[in-house]
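In what follows, a structure is listed as structure tokens, so that the remarks can point back to it.
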Amino acid sequence: MTTTLPAYDEVVARYEPVIGLETHVELGTNTKMFCGCPTDFGGEPNTRVCPVCLGLPGSLPVANKAAIEATIRIGLALNCSIATWCRFARKNYFYPDMPKNFQISQYDEPLCVDGYLDVEVNGETVRIGIERVHLEEDTGKTLHVGGATGRIHGATESLVDYNRAGIPLVEIVTKPIPGTGALAPEVARAYVTELRDVLRSLGVSDVRMEEGSLRCDVNTSLNLPGEEWGTRTETKNVNSLRSVERAVRSEMLRQAAVLDAGGRITQETRHFHEDTGDTTPGRSKETATDYRYFPEPDLVPLAPDPAWVAELKAALPELPRLHRRRLQEAWGLSDLDMQSVLNAGAVELIEATVAAGATPAAARKWWLGELSRRANETGVELADIGATPAQVAELQGLVDAGKLNDKLARTVLEGVVAGEGSPTEIMTNRKLEVVSDTGALTAAVDEAIAANPAIADKVRSGKVAAAGALVGAVMKTTRGQADAQTVRTLILDRLGVQA
Amino acid sequence: MTDVTAMTATQIAGLVATGAASAVEVTQAHLDRIAAVDGRVNAFLHVDTEGALAAARDVDARRAAGEELGPLAGVPVAVKDVLTTKGVPTTVGSKILEGWRPPYDSTIVQRLRAAGTVMLGKTNMDEFAMGSSTEYSAYGPSRNPWDTDRIPGGSGGGSAAALAAYEAPLAIGSDTGGSIRQPGAVTGTVGAKPTYGGTSRYGLVAFSSSLDTPGPCARTVLDAALLHAAIGGHDPRDSTSIPAPVPDVVAAAKLGATGDLSGVRLGIVTEFGGEGAEPGVTAAFNEAVDTLTKLGAEIVEISCPHFRYALPAYYLIAPSECSSNLARFDGVRFGLRTGDDGNRSLEEVMSLTREAGFGPEVKRRIMLGTYALSSGYYDAYYGQAQKVRTLITRDFTAAFERVDALISPTTPFVAFPLGARTSDPYQMYLADLFTIPSNLYGGPGISVPCGLSEGLPVGLQVMAPTLADDRMYRVAAALESAVGTLTPPTM
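Residue numbers (the numbering used here), protein chains in the order written: chain A, 652 to 1150; chain B, 533 to 1023.
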């Protein structure tokens, strides 16, 4: 389908978007939600399973207390009310990646309700309402082989891996977010970013979108100003922060095109495609979405002791927003500078780099400069660029010690990103260390003076600026490994001129 | 030595403990008995000859090594095929699990092994424990040793028939609406449903999770109490298991056996009167009431107004839970798979598997439950039934403020002829009219023989408050001391 999409500016001038986000977070508990199987990522298929998470006849679930605790902490961090009594519910539908053909989830009695999360977009605070935070079990993973689409229909074989089945999964649902106008895509991204930071600060998940431990569905609708909210679509397969922003934008454009043409939006699930940046209709729910929820009779109700909840609340870590404010002060940054750090997703990276010994200014320079540039070029998250805060601090240490100059340091950093090893190893292996041996430098200086007598005379006669050419010649013979300032001093000294 | 198969579990344990008989001899005698009569009874779906003899040898070896043995060591036990047994076929009476050998033992079976009992094999049952006659077993009905043209009750008819045919002195059943007590009543044996949560459901293939309760079956009240004590108690793998000690049911059975019930108040439920039970059953029950009075019990009539809604509430709650519990039987991971010819879709194969693997009663209940949980109907059916359940619980609570226990006939009719009720599901459902209320409430109930009607056994049910299982054993043992155990005609 090659409909011409309207321009984004025109779309937001005509329509008002309403967005909503559903985020699934795999908790980093040691064991699964209802059995003792380990949860670590990447095992051989079907090796982290037992009668319970395979749903064998007769097996029974026992709720993981650590997962309940983590969910309550998430709820508290998101300013939710914590239920004093709630239940798990069965969500019934047939699908082969779900061993019992029902998912143990929560329905009308979630563990946490009615909270909010403040996020900052362009220096403005936007309060995102949180509808609910509930706990459920993850499904297995299905791989459909032999079909054109990778979906179950048309596949010749379906392979199922139940290692993921039963991993505790927290679902965080926002209230509808109206009124963000042209900023809707950025608000969506800012929310997921902030949520990810909150979850990371709580230590409840490794929140890695590419491994699926943080998964996001984006709801989008458009309406004319003053009219009722439009029909929404739910976009799935949104697997990076950048994609969250792109998915909202893409869906706004697509819906505007449909509405402009006098069409109607179908309430449906759509799939986001990283490569093209657009969405296509997903499989329609085959069983008409009657999940026949009912309270899970194999589990007893949850009744978190209010005193325990109060303890958890008191022990919450400093939340990212407050933490950032503190860092901004400590680093001496203006609001604008802090904003660029935030936009680059570099707060924790800079913090860790400083913790590893670099000055805030140096850490910021590397992460916002060279590394951000490379991240943008290659389209990866800054955190996944391949350089760690410790390596960046080590690199800066070599600069500070005079072993690398700025240009060499950038070359070394390239090696770090390429996975060649630590900065020191790369510097040594690639022989990039600054030539600080003045004996060798003096020889190179003498050679340059001898080779350029006219320029040398100019310098001697007081035209100090002409020394630049001699410095350049020395740098050339030393393949850039000399410190330019040292070379300059040596040349002037040799020619008997005061700097 | 008299035939060990005629002995109680208590007697057999005594023989093994003193060395008068080895566990292997006891086990072999029962295996021989099974070989001789089970062709006519069809109590067993699977006889684990080698496993049983190995377990018996182990008991003998431990005794020879001077180890202290438990009170049931060396006693053979038959296990309803609803409980998983590691490496031993577990079918739940259904074609859909034919040939499945579970990779794990249920908690009950683990505890039976730990107690030194010897598992003879797995007993027949109505498919997925849905039925009152074993006629819904996919492997043919069991027959009542009192009259092999009649049903042995259900769903646990296999376990009850095995006891009445002297194929085993002890058996395990599971009771969702009466599946231990009603077979006990119609075979002249003892069957107890413990307090819900008093025995672990881990490894019990679920029919209705909020009702299913595994429990003991025996030929005497004391034997049932010993078995109850061996299998009961908290299990961390079952979230609904109660973290409380098992009441001292053995002591209560021994106390009852003295025949003294003075100071005990028993209630007769008004709503169970009227046209509920057939005349012979009512007569035997009334005679038992007289006996209990003579033993010193005070009898009062008590109204439980919501009991009349128990049957309809049960037939919404149990099918609703079953429709979800049985969803996992889809041919993907275990058990039967039908129609997977490489051309059919997953959905078609799932559908064909369930079509071929489930029998008519199971399908009926899955459809009932699916309907009752559907959006738009949930409140009117499942939701309403849960409210009724609460009201029935209140009836029990109120009754137990006035009496120590409630008594009733266990089931409205004696063993009926095979085929007499299969054409009308409602007539079959009526078999559980008196047993279902205590399942909805969660309290314990026991059936103990109280006499004969037209030459067939009649059972009396004692229902007690939750976690007061000991009370029902006391009353049942007292009645047993006066009436005596019922001995079926020799086969």
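For every residue, glycine included, the Cβ atom is placed at its ideal position computed from N, Cα and C. This one's a predicted model, so the numbers in the text were calculated from it and none came from an experiment.
A:A1013 places its beta carbon 9 Å or farther from that of A:Q990. By the criterion of at least three beta-carbon pairs nearer than 8 Å, the segment 577-584 of chain B is in contact with the segment 650-664 of chain B.
The secondary-structure analysis by DSSP pairs A:N743 across a beta bridge with A:F753. Setting aside the 5 residues that flank it on each side, A:W1018 is surrounded in the same chain by A997, L1000 and I1001, each with a C-beta closer than 6 Å to its C-beta; the list follows chain order. In this structure, the CA atom of B:A829 is about 46 Å from the CA atom of B:T902. The alpha-carbon separation between A:P876 and B:F739 amounts to approximately 54 Å.
Taking the C-beta atoms as reference points, B:A693 is found nearer than 9 Å to B:P684. One alpha carbon belongs to A:V1125, the other to A:A1095, and they sit about 6 Å apart. Taking a Cβ-Cβ threshold of 9 Å, the residues of chain A close to B:P634 are P702, L707, P708 and G709, in chain order. With contacts defined as CB atoms closer than 9 Å, B:F839 and B:P941 fail to qualify as a contacting pair.
As DSSP reads the structure, B:K919 sits in no beta bridge. By the 16-neighbour rule on beta-carbons within 10 angstroms, A:E775 is exposed.
At a cut-off of 9 Å between beta carbons, A:V713 contacts chain B. Residue contact check for A:R943 against chain B: a CB pair falls below 9 Å.
By the beta-carbon neighbour count (other beta carbons within 10 angstroms, threshold 16), B:A586 is exposed.
Along the segment 755-771 of chain A, there is no position whose C-beta sits under 8 Å from a C-beta of chain B. For the set A:E808, A:R699 and A:K792, the Cα lying nearest the Cα of A:G798 is the one of A:E808. Around A:P747, the beta-carbon contacts reaching into chain B at under 8 Å are D862, V864 and L878. At a Cβ-Cβ threshold of 9 Å, B:S687 and B:D658 count as neighbours. At least one CB of chain B lies nearer than 9 Å to the CB of A:R741. DSSP places B:K786 outside any beta strand (DSSP E); the residue lies instead in the alpha helix (DSSP H), whose first and last residues are V781 to G788.
Annotated as proximal: A:L950 and B:T772, with beta-carbon spacing under 9 Å.
A:G791 counts as buried, since at least 16 other C-beta atoms from the protein chains shown sit within 10 angstroms of its C-beta. At the C-beta level, B:A816 and B:G983 come within 9 Å of one another.
Distances from the alpha-carbon of A:A664 to those of A:V1005, A:A907 and A:K742 put A:A907 closest.
Looking at the DSSP output, B:M995 sits in a beta bridge with B:L938 and B:G977. Taking the CA atoms as reference points, B:T929 sits about 8 Å from B:P997.
Distance between A:V899 and A:V676, taken at the CA atoms: about 20 Å.
Around the CB of B:T666, 16 or more other CB atoms lie within 10 Å, so the residue is classed as buried. At a cut-off of 9 Å between beta carbons, B:T616 contacts chain A. Here DSSP, grouped into helix, strand and coil, assigns A:N888 to strand. Within 10 angstroms of the beta-carbon of B:E853 lie 16 or more other beta-carbons, which makes it buried. Taken through DSSP and simplified to helix, strand or coil, B:Y909 comes out as coil. In this structure, the CA atom of B:L743 is about 12 Å from the CA atom of B:Y847. Excluding the 5 residues flanking it on each side, A:L970 has same chain C-beta neighbours closer than 7 Å at A728, V849 and S852, in chain order.
For the pair B:L1018 and B:V813, the Cα-to-Cα distance works out to about 15 Å.
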